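Reading through the structure tokens given below for one structure.
Numbering (my numbering), first residue to last: 18 to 312.
If you want it as structure tokens, here you go:
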């Protein structure tokens, strides 16, 4: 009992230690800028001016867009893979989805930069910006490396996590619920929408959180595709920057005391954002599970 308790406490202790180490390394920037660091858009290492607002914005926008695109596809794929019919097709699709998780991030980045980004610019981004450029979110000029490009590739990267976990959750729904629904005359779609998905909702919430966490921390592929400009862009076709990308790009060239401390503080912010997201998701899952238990 003592050993298992110690092992169980090890994970949260490690998280606390990592946060404390990052906070210690970021002390020069924290003392210099204070809370203004979170809302400042300045990023000028020459003048020793640093602010995290563009990077927080870029991280949240790309992650939310990627999750919005991957969620319906992932849940739909999970429902299909959990059905007992069409075993050959299910096996092929299941293997394909699982293989997506085995592709290295840098390969996604190379494919996105040299194959997908030019195609997206030619067939989607540029035509839309030319026709609907008066809408701020669709304003041009369109670029190959943009928020939209990074978000779509990021959606592909988090799809295996979302689909695989959701599939196991859907499979765990008691078969009696489905059989009772069919016995009452419900169609397959009605059973999925009104019985299976509501019963699997807490687990799908958990899968969504894990996928969102993967999107928040993704570095290499996003760095290659987002454009790496420390500005807040309202257009999906413009460049941006993320917390992980700026750390990866600039940490090796950071000199002095304040510059590395500012980058470490960005890492601390990313860590805290991930912790807050997971905490909110845990509360949501418990709330949904509690509602399901009282029904």
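Idealized CB from N, CA, C, for every residue including glycine.
Quick caveat: nothing in here was measured; it's all calculated off a predicted structure.
- In this structure, the beta-carbon distance from residue 168 to residue 79 falls below 8 Å.
- Annotated three-state conformation of residue 245 is coil, per DSSP.
- Taking every protein chain shown into account, the CB of residue 123 has fewer than 16 other CB atoms within 10 angstroms, so this residue is exposed.
- Cα atoms of residue 43 and residue 50: separation of roughly 11 Å, rounded to the nearest angstrom.
- In this structure, the alpha-carbon of residue 73 lies about 12 Å from that of residue 264.
- Residue 275 sits close to residue 46, with the two beta carbons spaced by under 8 Å.
- Contact check for residue 179 against residue 224 passes: the beta carbons are separated by less than 8 Å.
- Taking the Cα of residue 226 as reference, the smallest distance to any Cα among 162, 65 and 88 is reached at 88.
- Per DSSP, the continuous alpha helix (DSSP H) segment holding residue 76 begins and ends at 70-99.
- Counting only runs that start and end inside the stretch 139-202, the alpha helix (DSSP H) elements of at least 4 residues fall at 143-149, 164-188 and 192-200.
- Taken atom to atom, the span from the alpha-carbon of residue 149 to that of residue 126 is near 28 Å.
- Three or more Cβ pairs drawn from the stretch 105-119 and the stretch 179-189 lie within less than 8 Å of each other, which places the two stretches in contact.
- In terms of Cβ geometry, residue 273 and residue 257 do not form a close pair [threshold 8 Å].
- One Cα belongs to residue 269, the other to residue 277, and the distance between them is close to 9 Å.
- Fewer than three beta-carbon pairs drawn from the stretch 215-223 and the stretch 130-142 are found closer than 8 Å, and the two stretches are therefore not classed as touching.
- C-alpha of residue 267 to C-alpha of residue 261: approximately 10 Å in a straight line.
- Going by DSSP, residue 267 is part of the alpha helix (DSSP H) stretching over 260-267.
- Between the alpha carbons of residue 303 and residue 200 lies a gap of roughly 31 Å.
- Within 10 angstroms of the beta-carbon of residue 142 lie 16 or more other beta-carbons, which makes it buried.
- Per DSSP, the continuous alpha helix (DSSP H) segment holding residue 136 begins and ends at 134-137.
- Less than 8 Å separates the beta-carbon of residue 252 from that of residue 156.
- Scanning 30, 108, 94 and 228 for the CA closest to the CA of residue 171 turns up 228.
- Counting the other CB atoms within 10 Å of its CB gives residue 76 a total of 16 or more, which places it among the buried residues.
- For residue 296, the number of other beta carbons within 10 angstroms of its own is below 16, and it is reported as exposed.
- Taking C-beta atoms as the reference points, residue 187 and residue 291 fail to come closer than 8 Å.
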